[in-house]
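Everything below concerns the one structure shown next.
Protein chains: 6
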Amino acid sequence: DFRGALEEVKPAFGVAEDMFKECVRNGIVEWSPAVQRILDDGKLLVEQVRNSPRTPLVSVLLEGPRGVGKTALAATIAIKSNYPFVKLIAPELYVGMSESAKCNAITKVFDDAYKSPVACILIDNIERLLEYVPIGPRFSNNVLQTLMVLINRVPSHERRLLILATTSQRMVMNDMGMLDVFNTVLSVPLMTTVDHVFKGLSNLDLFDDEMSNVVRRSLIESPMQVSIGVKSLFMLAEMARQDEDNKMENFLLMFREECMKGLGQI
Amino acid sequence: DFRGALEEVKPAFGVAEDMFKECVRNGIVEWSPAVQRILDDGKLLVEQVRNSPRTPLVSVLLEGPRGVGKTALAATIAIKSNYPFVKLIAPELYVGMSESAKCNAITKVFDDAYKSPVACILIDNIERLLEYVPIGPRFSNNVLQTLMVLINRVPSHERRLLILATTSQRMVMNDMGMLDVFNTVLSVPLMTTVDHVFKGLSNLDLFDDEMSNVVRRSLIESPMQVSIGVKSLFMLAEMARQDEDNKMENFLLMFREECMKGLGQI
Amino acid sequence: DFRGALEEVKPAFGVAEDMFKECVRNGIVEWSPAVQRILDDGKLLVEQVRNSPRTPLVSVLLEGPRGVGKTALAATIAIKSNYPFVKLIAPELYVGMSESAKCNAITKVFDDAYKSPVACILIDNIERLLEYVPIGPRFSNNVLQTLMVLINRVPSHERRLLILATTSQRMVMNDMGMLDVFNTVLSVPLMTTVDHVFKGLSNLDLFDDEMSNVVRRSLIESPMQVSIGVKSLFMLAEMARQDEDNKMENFLLMFREECMKGLGQI
Amino acid sequence: DFRGALEEVKPAFGVAEDMFKECVRNGIVEWSPAVQRILDDGKLLVEQVRNSPRTPLVSVLLEGPRGVGKTALAATIAIKSNYPFVKLIAPELYVGMSESAKCNAITKVFDDAYKSPVACILIDNIERLLEYVPIGPRFSNNVLQTLMVLINRVPSHERRLLILATTSQRMVMNDMGMLDVFNTVLSVPLMTTVDHVFKGLSNLDLFDDEMSNVVRRSLIESPMQVSIGVKSLFMLAEMARQDEDNKMENFLLMFREECMKGLGQI
Amino acid sequence: DFRGALEEVKPAFGVAEDMFKECVRNGIVEWSPAVQRILDDGKLLVEQVRNSPRTPLVSVLLEGPRGVGKTALAATIAIKSNYPFVKLIAPELYVGMSESAKCNAITKVFDDAYKSPVACILIDNIERLLEYVPIGPRFSNNVLQTLMVLINRVPSHERRLLILATTSQRMVMNDMGMLDVFNTVLSVPLMTTVDHVFKGLSNLDLFDDEMSNVVRRSLIESPMQVSIGVKSLFMLAEMARQDEDNKMENFLLMFREECMKGLGQI
Amino acid sequence: DFRGALEEVKPAFGVAEDMFKECVRNGIVEWSPAVQRILDDGKLLVEQVRNSPRTPLVSVLLEGPRGVGKTALAATIAIKSNYPFVKLIAPELYVGMSESAKCNAITKVFDDAYKSPVACILIDNIERLLEYVPIGPRFSNNVLQTLMVLINRVPSHERRLLILATTSQRMVMNDMGMLDVFNTVLSVPLMTTVDHVFKGLSNLDLFDDEMSNVVRRSLIESPMQVSIGVKSLFMLAEMARQDEDNKMENFLLMFREECMKGLGQI
Ligand SMILES: Nc1ncnc2c1ncn2[C@@H]1O[C@H](COP(=O)(O)OP(=O)(O)OP(=O)(O)O)[C@@H](O)[C@H]1O
Ligand SMILES: Nc1ncnc2c1ncn2[C@@H]1O[C@H](COP(=O)(O)OP(=O)(O)OP(=O)(O)O)[C@@H](O)[C@H]1O
Ligand SMILES: Nc1ncnc2c1ncn2[C@@H]1O[C@H](COP(=O)(O)OP(=O)(O)OP(=O)(O)O)[C@@H](O)[C@H]1O
Ligand SMILES: Nc1ncnc2c1ncn2[C@@H]1O[C@H](COP(=O)(O)OP(=O)(O)OP(=O)(O)O)[C@@H](O)[C@H]1O
Ligand SMILES: Nc1ncnc2c1ncn2[C@@H]1O[C@H](COP(=O)(O)OP(=O)(O)OP(=O)(O)O)[C@@H](O)[C@H]1O
Ligand SMILES: Nc1ncnc2c1ncn2[C@@H]1O[C@H](COP(=O)(O)OP(=O)(O)OP(=O)(O)O)[C@@H](O)[C@H]1O
Ligand SMILES: [Mg+2]
Ligand SMILES: [Mg+2]
Ligand SMILES: [Mg+2]
Ligand SMILES: [Mg+2]
Ligand SMILES: [Mg+2]
Ligand SMILES: [Mg+2]
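Residue numbers (my numbering), protein chains in the order written: chain A, 265 to 530; chain B, 265 to 530; chain C, 265 to 530; chain D, 265 to 530; chain E, 265 to 530; chain F, 265 to 530.
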């Protein structure tokens, strides 16, 4: 399991363990077989990079709506790779940098990676790295072009590199020609059944059994389409928990709102 | 009550009490139960941030038309939190700064907040911070991106942070993808009944009882939809007060105009 | 009367009397009761700022077509306020400044005003200050945002501030969200009757009585809509005066053209 | 007459006689009474500025298609004014300057003018000064705004200023709000009759009498609308002159083409 | 003939003979009477500038599709002028320069020209000088405005200047207002008949007589519209020549493709 | 054959052999006669540049969808040219450079090439060099213009230059006017038959004979249009290889997806 994986990792150099751990703060709950499938696909790519002489560079994009766990899953694959070099490129690291400083910092991570016989880079939240905003639209073409070239640049001298990236803007990536740059794409799904939701809640200690039954029945009976990400579910649960007296009502209210938002009905 | 709350607050460091007091210059009049509801919701979020280990970061947006009291309510929640660190980010503080200086100043507030075990930041009037103007539209993507990343950045080392923000441009925030960044949204309403209006006026000493009755009747009889914010109501009352002889007429005239403006009929 | 008012003013400091006098070079002719009404409304606002503890900041926009006398009326209100600090912000003062220098200069005026217990600032010709041009449209968002924040910023420490502003682009101000920033709006009208015109001409010594009758009859008989600003009327009168022999013909010709231009018929 | 006028001018200081002379290289031929009318109107404005106490600033725009003689006429009015200060602002003088350098240079001319009791500034070819290009459209808003403010700025200390300007882009000036800035507009016409053309050619010694008759008849008989500027006519005449053998044919050919171009038929 | 002309030229100073020679690397083949007509028109303009006192400045634009020989023809006119100063302004000379450096370099050429009693400047490939690209469209307005002013600026002190320019973007030049700036326009045509093509090929030694007949017949019989520039024809001929065995087939294939491309059918 | 060619090359100076070798990491598999045809066409152009006195400069564009082998084919032509100077211009070489630094670096390569009697420059992936992105669209007009001028600039002093370039954005190149700049265009095709695919896979040792038959049959029977580039095929093969147990299924799945993507059906 994942928590175990974290403990085993003892890379010679370069892994920023802490930052990756924070990406998986609330663990990986297997609320659907799709979760394990993504981790398995990741493992195959990890092996391909390590072994295939014809493809020293492989790039994969994890895409899906906000809050479905893209970052946590990508971080898990990266940590489990056990590569000696694993590094994060994320918007939080570059707050306040100019476009060109950001490009330099990103390029530096790649240059460092090329020094390791086999390396993994996780590029988190591409649209935010690009400073993308739908109005306009605007984004940093500098950062975009730098990423497009770097993601495509085959390391020389027999070095090997796995690139993991996450985005919640698949269409935008496609329009930018960024999707083509990746060798493969993994889609991280939303929870869509009541069962998903309760598997997701199982470790949170939010409702006792009786409450669980009431809530479950209410969800099943309501004519609403379930559509929520695991991260949002955790947030709702914690919010509901604050008002002990109205926990179920509040949870159901916020849950319905979140699903409608997810379905574009609000 | 609020005035009392202000007195009690004696945080160890970091609270800019004066600036928050000025945000609530004319107190909080409970012209509708919705007012208390918003304060209560705020209190729950204050508790969640203090207590829940799974959600060390919670962000909430107070949105509503101009002059409904968003800033005063957010400031009240912040002060009542009794957190040791409470800070304001507002456009008035950054007049004449370049985009990047502004980004740095904002980032600095967050960096300071991360040093407190639990902190609250109030980001007032986001659209003005972004230098948003509907023609174009134009805005500082620098500031937008900085805010989006900061509002999403989970503090490390067990620190906890509550982010309150206000806007009168919900649609714009949505179009920018800024709405998604917040964990929850509270809507501050306009006054929509004659009763709201008179509860709002009650402490102002504008009309004597007889006048009140005349005005009230006139409002009830007119076929006009009431639609006004508490801040605008206070301004009208003070304007009307200047011309003692025509107080009622002037008030009614300006009140009708304001409501029509609010309803987009002017 | 106004000329008298000018003489009385003896403020302790800060009033740039000369510049305000130049704004009213040709006096205030009362060609319609609307003229006095605007001056009266201005007077009430002057009193409100001086007296009301709840509204230490009041802002008013004088809007109307080009040449109707907006600047002269606003300047008159400002001078008659007898406030110890009265200052002008006008595009002529900032020719050739960079956007940011202009913003600094404007901010400086406000900062100075906050030092006076009660102050008045006249922001003349906002669209020109913003370097607005309808093609694009283009304008300085820097200056716009600076103005929006400053016009909204409540002075601290019990200081009081009246902001007067003028524009001939009401719609543009509305589209920019600038109209909402003002607490109230006063509309300065065009002359629309032959009577207005002759009241306007009365002090100019342009026509003798006989000529006046001829011109008046000609205007009344023509099927043309009167639509002209007091400033434009004065310019026409002076142009016509140059060619003594064709004074009436030239005046009528130019007058008609001006009215048609005002009505968008040319 | 004009040539005479040039000789008489002996201003105390500031008149750049040479540059103005070059604007009227080929004299002013009176091919239509409209030519004198424009010069007369100019003269009245010259007198108004000199005399009227109410209008110390008058601005006039000479507009018309390319090559109709706008610059030559404006220069003639300026020279004939006999003002002690007459200065040219023209795009040729600012080649290779940055926008802000250009703005400074233009402002300098005005500041110099304010030092003369009465002055005249000729702003030639506004659209080129603005670096206007219809694609986009693009132009220097810096220069535009500087001009708009300067053309509107009333000189203080009893100084008097006449501003003459030329443009072949009336519609563009209107769209920019530049037309409104001028107190009056004079339209310089194209030649539209065969008679205009022959009056225009009279001093050029291009055709002998017989040839003239042939060409005139050919023009009258052709079903073509005459539409040509005096400057273009002079150029055609000189081109035709080079090929003595085919003078008439070439002239007629080029003349027709020019007219069609003028009418938008090519 | 042209080659002879090149030898004769021995100007006192300023002619960059080499660069002009390279523009006419493959001579001027008279594949149509139109070729000589353009050279003749050029000669008349050369004489007009030398002689006419009324037109010290004449500007002419050679326009036509890509590869029709515009540059070679303009260079031939310039060399044959025998003026003491003949200079080239071409995009190749300014590679890597900033916009303003380019403007300065161009202005320098004109300033040098004004020092010669009579001078000729060839501005080659205006659209490339402007860095024009149809997407957007984008171009250097700096360079455009500099050219527009310089092409229109009459040299003072009795100096004389002929300006030749080339473009393959007539419509774009028109949209930019650049076409109006020239006194006259010469259109360089494409080859449109089989005869043109064979006259064009005559000196190239590509096909023997028998082959020529086969190719000619094939061209005449095919239902295709001939439409090719002399420069492209030369390139095709050289390409075809490389594969001796398939010369005719390859030539015909490429020729057809080129014609279709020219006609917008590919 | 190609591998042999690589060994033979022993140029006196300037060939960056390593970088070119990396472009052909997986050799050139002749999966269709079209492959050899492109190499042959390249050879003829190599000879033309070496020999024809009339065309010292020839430029050719290899265009086709992503991953069809454009770069590998262009590199092969360049290496086989045996020219003493062969150089690569590719986006990977300029990561993080400013636009103008990039332009300078590119210009430097051309200037170096002009020093060799005969030289070859390979400009790889033009759209990425231009930092092209379809949203907007945006691109570096600086780099575009520099390339357009350099690709067109005939070397002086009898030097000879072959320019090879690659793009997967033919339409964009056309819209930019970049296509016209090349003397000829070679189109590199996708694999479109099952036969192409199996010729492409032949050296990879992916499937044994039995598996091959199963896969082939499955492909033939499926109603899907084959449409894949050789580079993508290699990547799929290596991915499938990782999961020995599901090799065929995975290959078929990914192959279908890739074809659909290529056909715009995903
Ligand atoms: N099966 C799971 N997959 C992913 N995350 C999980 C899972 N189970 C629990 N989690 C927890 O849910 C959270 C997922 O948040 P994460 O930041 O990865 O989402 P995201 O899709 O990247 O969100 P965003 O769109 O905001 O970037 C993490 O705290 C993680 O520990
Ligand atoms: N119930 C109430 N809620 C909010 N404000 C109130 C209330 N009662 C009285 N007030 C007073 O009304 C004013 C509200 O103004 P505030 O600046 O908060 O409005 P706002 O919605 O933020 O306006 P803007 O849209 O301009 O930012 C304050 O002076 C506050 O003291
Ligand atoms: N009743 C009046 N109201 C205003 N101005 C008057 C009046 N009577 C006479 N005037 C004179 O008319 C002129 C008005 O010009 P003013 O510059 O104020 O107009 P404006 O509307 O500001 O013009 P613009 O639109 O160009 O800014 C002044 O010279 C003023 O002295
Ligand atoms: N009646 C006339 N009016 C104006 N110019 C005349 C007249 N008669 C002769 N000319 C000559 O014709 C020429 C007019 O050219 P001018 O540059 O003034 O035209 P323009 O309209 O300013 O052209 P452009 O549109 O290019 O600026 C001058 O050389 C002038 O001497
Ligand atoms: N009659 C002719 N006219 C022009 N050029 C000719 C003629 N006959 C032969 N040539 C040769 O053809 C070539 C014409 O190329 P040139 O560069 O002048 O064309 P262009 O129209 O300027 O092309 P581009 O549109 O690319 O600028 C030159 O090498 C020239 O020597
Ligand atoms: N017939 C072939 N043609 C081209 N490349 C081949 C061929 N056979 C095998 N290859 C191999 O296929 C790969 C082709 O990749 P290449 O980078 O040239 O494609 P590309 O079209 O340039 O891709 P991109 O569109 O991403 O630039 C190389 O590794 C090359 O060695
Ligand atoms: Mg994420
Ligand atoms: Mg507020
Ligand atoms: Mg005004
Ligand atoms: Mg002119
Ligand atoms: Mg050319
Ligand atoms: Mg490639």
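C-beta atoms are modelled at their ideal positions from N, C-alpha and C, and glycine is treated no differently.
Note that the structure is a prediction, hence the values are computed from the model and not measured.
Endpoints, alpha helix (DSSP H) assigned at residue i
i              : result
I385 (chain C) : Careful: I385 (chain C) lies outside any alpha helix (DSSP H), inside the beta strand (DSSP E) at 382-387.
R314 (chain A) : 297-315
K379 (chain E) : First-last for K379 (chain E): undefined, no H or E at that position.
S491 (chain E) : Unbroken run through S491 (chain E): none, as it is neither H nor E.
R480 (chain A) : 473-485
M435 (chain A) : 434-439
G526 (chain B) : 511-526
Continuous beta strand (DSSP E) stretch holding residue i: start and end
i              : result
T431 (chain F) : 424-431
L337 (chain D) : No beta strand (DSSP E) holds L337 (chain D); the alpha helix (DSSP H) holding it covers 334-344.
V324 (chain A) : 321-327
V350 (chain A) : 349-353
Per-residue contacts from residue i into chain F (C-beta, under 8 Å)
i              : result
L308 (chain A) : M503, Q506, D507
E536 (chain E) : In this structure chain E extends from 265 to 530, so residue 536 (chain E) is not present and cannot be described.
M440 (chain A) : V397, P398, I399
Cross-chain neighbours of residue i in chain E, by beta carbon under 7 Å
i              : result
R318 (chain F) : N290, F498, E502
Of the listed residues the options, nearest to residue i (C-alpha basis)
i              : options                : result
V449 (chain B) : B:M455, B:D459, B:L428 : B:L428
A338 (chain F) : F:I385, F:E363, F:K366 : F:I385
K525 (chain D) : E:F515, E:K463, E:N438 : E:N438
V452 (chain A) : A:M283, A:V445, A:Q300 : A:Q300
E502 (chain E) : E:M488, E:F519, E:P487 : E:F519
Identified DSSP bridge partners for residue i
i              : result
T448 (chain A) : A:V324
V397 (chain C) : C:R402
Residue i: contacting residues in chain D (beta-carbon distance under 9 Å)
i              : result
V359 (chain C) : C367, T371, F374, Q409, T410, V413, L414, R417
Neighbour list for residue i in chain E, Cβ cutoff strictly below 9 Å
i              : result
V494 (chain D) : Within 9 Å Cβ-Cβ: nothing; V494 (chain D) doesn't reach chain E, min ~12 Å.
Chain-ordered neighbours of residue i on chain B, where CB pairs are closer than 8 Å
i              : result
Q312 (chain C) : E502, M503, R505, Q506
Listed by chain order, chain B residues near residue i by CB distance under 7 Å
i              : result
N405 (chain C) : E395, V397, R402
Chain-ordered chain A contacts of residue i [CB-CB under 7 Å]
i              : result
E294 (chain F) : The contacting residues do not exist; E294 (chain F) stays about 18 Å from chain A at best.
Exercise answer, beta-carbon shell around ligand 9 heavy atoms below 7 Å: Shown in chain order are the residues whose CB sits closer than 7 Å to a heavy atom of ligand 9: C:K334, C:T335, C:D388, C:N389, C:T430.
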